[in-house]
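In the numbering used here, the protein residues as written are 2 to 225.
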């Protein structure tokens, strides 16, 4: 679900598998497992060193090697039980943190109690945008419907048209929605369409050079 919602530029199942691999690698690094084979090899080498030092009457080296042998034997006794205790299970919040590292979206914070958050989204927005309850309810319904799985997949969460004079809260509602869903008011793309009344500017917006397929200066069929 996280990969579908927050990594739309890639395809399933690759993006889901990569998320699981990324999370598992991080947890593995955070909870390293003691290598039993490596300990056994170290123990074997320590015993060999102890025997050789004793045979050559290097008693200080032999005593140090003996102490090392005892330490390694104690570690080997505990390694199996420690590894069992350290069994790590990947949880949804771990996946959410991986998405957050990959995309920069604070998914872990958002997904902690998503159902409860969705219940209160209208109240939070109303607390920030005063006197626009109808608009806030429309936005909240669209978000809840999408998160509940009733979206059609290839369509946006909602297409909302806020109409009114300057200062009633149109832009502020969009900013507060971005803050509530993505953790920042900056998570919004804003286009001032008054700047695109000129045909040349419209060409720049859609990425074509003015006069690409046209008959007049600064004008073409694609721009029109």
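Ideal Cβ positions, reconstructed from N, Cα and C, are used throughout, including at glycine.
- It is roughly 21 Å from the alpha-carbon of residue 184 to the alpha-carbon of residue 10.
- Residue environment: residue 31 is assigned as exposed (fewer than 16 neighbouring CB atoms within 10 Å of its CB, all protein chains considered).
- In the displayed model, residue 11 falls within coil according to three-state DSSP, outside both helix and strand.
- Excluding sequence positions up to five before and after residue 4, its CB lies within less than 6 Å of the CB of 16, 17, 20, all in the same chain and listed in chain order.
- With the rule of 3 Cβ pairs closer than 8 Å, the stretch 128-148 does not count as touching the stretch 55-71.
- In this structure residue 159 is in contact with residue 143, their Cβ atoms being roughly 3 Å apart against a cut-off of 8 Å.
- Leaving aside the five residues that flank residue 41 on each side, the residues in its chain whose CB is nearer than 8 Å to its CB run, in chain order, 77.
- When secondary structure is reduced to three states using DSSP, residue 100 falls in the helix class.
- Listed in chain order, the non-local C-beta contacts of residue 47 below 8 Å within the same chain comprise 66, 69, 70, 73, local neighbours out to five positions each way being set aside.
- Between residue 181 and residue 125, the beta carbon gap of about 6 Å places them in contact (Cβ cut-off 8 Å).
- Residue 163 sits in coil when the DSSP states are folded into three classes, being neither helix nor strand.
- Cβ-Cβ separation between residue 189 and residue 171: approximately 12 Å, too far for a contact (criterion under 8 Å).
- Our two residues, residue 178 and residue 162, have alpha carbons roughly 14 Å apart in a direct line.
- In this chain, the alpha helix (DSSP H) harbouring residue 125 covers 122-129.
- For residue 188, there is no enclosing alpha helix (DSSP H), as DSSP marks it with neither H nor E.
- In the DSSP assignment, residue 57 falls outside any alpha helix (DSSP H) and carries neither an H nor an E.
- Residue 145 carries a helical assignment under DSSP once its states are collapsed to helix, strand and coil.
- The distance from the Cβ of residue 90 to that of residue 25 is about 11 Å, inconsistent with a contact at the 8 Å cut-off.
- A distance below 6 Å between beta-carbons, with the five flanking residues on each side excluded, links residue 198 to no residue of its chain.
- Annotation: residue 192 to residue 88 spans about 50 Å, alpha carbon to alpha carbon.
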